[in-house]
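Enquirer: In this note's numbering, the protein residues as written are 275 to 828.
By construction, the Cβ of each residue, glycine as well, lies at the ideal position given by its N, Cα and C atoms.
Before we start, here is the structure in question, set down as structure tokens.
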Amino acid sequence: MELGKIAQNLMLFPFYILTHFMAKYIFVTGGVTSSLGKGIISASLAKLLQARGFSITIQKFDPYINVDPGTLNPYEHGECYVTDDGAETDLDLGHYERFLNTPTSQANNVTTGRIYQTVINKERAGDYLGKTVQVIPHITDEIKRRAQLLGASNKYDIVITELGGTVGDIESLPYLEALRQLRWELGRDNCMVIHLTLIPYLNAAKELKTKPTQHSVKELLSAGIQPDILVCRTEHSINMDIRRKLALFCNVDIGSVVEAIDAETIYDVPLLMAKEKLDATVMLKLRLPDRKEPDLAPWKAFLGRLKNPVHAVTIGLIGKYHELQDAYKSIFEAFIHAGAVNECRVKVVPIHSETLIGTADEVRQKLEQYDGILVAPGFGERGIEGKINAIRYAREHKMPFFGICLGMQCAVVEFAQNVLNLPGAASTEVNQKAENPVIDLMPEQRKITKKGGTMRLGAYSCDLKKGSNAHKAYRSLQISERHRHRYEFNNDYLEKMEKAGLLPTGINQENNLVEIVELKGHPWFLGVQFHPELKSTVENPHPLFVDFVKACLK
């Protein structure tokens, strides 16, 4: 090689390192009100950038003081989403995985509680010896460190961080200060801010109002942060005059004012954002190479099947947290994915388990209209009797049944009570002194007193019985699924159950634990100890949900 060429390559080498190994950071903040859909916007942008060939991940920073959502009531915060590595996280991580079809981990969800816990532990260990530990710099430094952990792994070109809460919240202030510092340290070419805000429509005046967004941006500016892009959630289309007004008063380019109009389904949002050129604007501002046009053919094919169903089924979802739909978010989404595969509209009807307490005829009248039932996960004694009654109806009337976690445990209890006729058969979660504890606390759980992060959590392997419905659905003899529970099938009753027709068709060989049960002679009766809904994505609908919907169609 010529000397001149070598010199030229050496001069370009630092640029190559910077452009190929330094991750770009995008922060998504929210203003005016909560529940605008920061998670969906983050996931949609990530999907578009992924479709352009970039390696991308998303993380969620939550401002509450809980170390993780594991101890939060479903009514408070919706479902707790569990990752492969056993992290109990925010339900937005479910959106990230469903859109990107890539797994998340503990590093993808950070809370104020975890931040403070880390800093306090360091202080106790003497890491700050002689220093006064303060919000600035110690808390903000820890936030910055966490924000860059995934980027420092060299696995990702882009890291999107969703900042929970709303600009102006007291608990969000340390995060905004850390963001301000990061923008200064990394530079505008490597770090940008997208602000999701609301453009309300006043029906009396018949017009959209920009003032709430102007005030929200002003609040962000008071923290020293100028947003690069405004994503405006709205019920009505935003015309050019409104875009120009927002650009002028919020100090952004007109092309950086993005409309996020209400969509029929969350899966429409990536296409709407592509139409608004959100991904192209981000690439321009971060000086990212334009590798290719986003390949959204599989996504569009999914939407085509979703919106043009050939069949329809109605499934009863029996649970006890129906007051907040987000408590079963992943189950609802898994049914959407499975319905699209089967070209079927799946209508999921919430049924409160406490309404199913009554005679067999009363239960029949409430359930006979459905094509199948799913008994949902949960904790505690409330509503158990109604779940058991529903399972008995499904068993006796050959109705397709799918039980998840507590739903599977209830199926075991129902079988023990009504087929084996075991007196006092129950789970020790419901009755600690049960005469026949067919579901019991795992031995390693007996000495545990702390509640947070102490369940059987994360991915575990499972061997399937050849020829079972589970095996037919998965088309594999070994699987890995995510868990979140303390109680298990009691193997002391395994032989009795199996002889009577409740078959263990999935076993965790490492701990000799029953993971799946099926009913012999029933067209589709399947209970699983794990949470299959957590692994269902647009591109890979979960096989058990797909097969369950197919069974409901017959």
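1. Taking residue 299 as part of the beta strand (DSSP E), name the residues at either end of that continuous run.
2. Rounded to whole angstroms, what is the Cα-Cα separation between residue 444 and residue 493?
3. Does the beta-carbon of residue 364 have 16 or more other beta-carbons within 10 angstroms, so that it is buried, or is it exposed?
4. In angstroms, rounded to a whole number, what distance separates the CA positions of residue 818 and residue 638?
5. Below 6 Å CB to CB, which residues in the same chain sit around residue 304 once its five sequence neighbours on both sides are set aside?
6. Within its chain, find whatever has a CB closer than 6 Å to the CB of residue 584; leave out the 5 residues flanking it on each side and keep chain order.
7. Residue ranges of each alpha helix (DSSP H) run of no fewer than 4 residues wholly in the stretch 659–683, ordered along the chain?
8. Just the C-alpha distance for residue 678 and residue 649, rounded to the nearest angstrom, thanks.
9. Go through the stretch 443–491 residue by residue and report every complete run of the alpha helix (DSSP H) that reaches 4 residues or more, in order.
10. Label residue 518 either buried or exposed according to how many other C-beta atoms from any shown protein chain fall within 10 Å of its C-beta, with 16 as the threshold for buried.
11. Leaving out five residues before and five after residue 523 in sequence, what residues of the same chain have Cβ atoms less than 6 Å from its Cβ?
12. Find out if the Cβ-Cβ distance for the pair residue 682, residue 791 is shorter than 8 Å.
13. From this set, 334, 613, 645, 703, which residue's C-alpha is nearest residue 657's C-alpha?
14. Beta-carbon separation of residue 352 and residue 600 under 8 Å?
15. Candidates 433, 598, 589: which alpha carbon is nearest residue 612's?
16. Would you call the stretch 330–342 and the stretch 363–383 touching, i.e. three or more CB-CB distances under 8 Å?
17. With a 10 Å radius around its C-beta and 16 neighbouring C-beta atoms as the bar for buried, classify residue 707 as buried or exposed.
18. For residue 735, report the span of its beta strand (DSSP E) as first-last.
19. Given that a residue counts as buried once 16 or more other Cβ atoms are within 10 Å of its Cβ, and exposed if not, what is residue 730?
20. Quick one: Cα of residue 387 to Cα of residue 298, how far?
21. As a quick exercise: from 696, 701, 662, 693, pick the residue whose alpha carbon is nearest that of residue 685.
22. Is the beta carbon of residue 368 closer than 8 Å to that of residue 808?
23. Taking the CB atoms as reference points, tell me whether residue 530 and residue 553 lie closer together than 8 Å.
24. Using the three-state DSSP reduction, which class does residue 562 fall into: helix, strand or coil?
25. Across which residues does DSSP place residue 336 in a beta bridge pair?
26. Which residues does DSSP pair with residue 621 in a beta bridge?
27. According to DSSP, is residue 701 helix, strand or coil?
28. So, for residue 805: in the same chain, excluding its five sequence neighbours on each side, which residues have a beta-carbon less than 8 Å away from its beta-carbon?
29. Alpha carbon to alpha carbon, how far is residue 283 from residue 546?
30. Which residues in the same chain have their Cβ closer than 6 Å to the Cβ of residue 279, if we skip the five residues on either side of it in sequence?
31. What are the boundary residues of the beta strand (DSSP E) that includes residue 800?
32. So, is residue 498 buried or exposed, given that buried needs 16 or more other C-beta atoms within 10 angstroms?
33. Please list the terminal residues of the continuous beta strand (DSSP E) segment that includes residue 710.
34. Are residue 434 and residue 320 closer than 8 Å when you measure CB to CB?
35. Would residue 458 be called buried (16 or more neighbouring beta carbons within 10 Å of its own) or exposed?
36. Classify residue 634: buried if its beta carbon has 16 or more other beta carbons within 10 angstroms, exposed otherwise.
Expert: In terms of the structure at hand:
1. 298–304
2. 12 Å
3. buried
4. 25 Å
5. 310, 312, 440, 470
6. 617
7. none
8. 6 Å
9. 447–460
10. exposed
11. 488
12. yes
13. 703
14. yes
15. 589
16. yes
17. exposed
18. 730–738
19. buried
20. 26 Å
21. 662
22. yes
23. no
24. coil
25. 385
26. 588
27. strand
28. 356, 604, 651, 678, 679, 755, 756, 757, 758
29. No answer about residue 283 holds up, because its pLDDT of 49 lies below 50 and its placement is not dependable.
30. Unreliable placement is indicated for residue 279, whose pLDDT of 47 sits below 50; no coordinate value is reported for it.
31. 799–802
32. exposed
33. 710–715
34. yes
35. exposed
36. exposed
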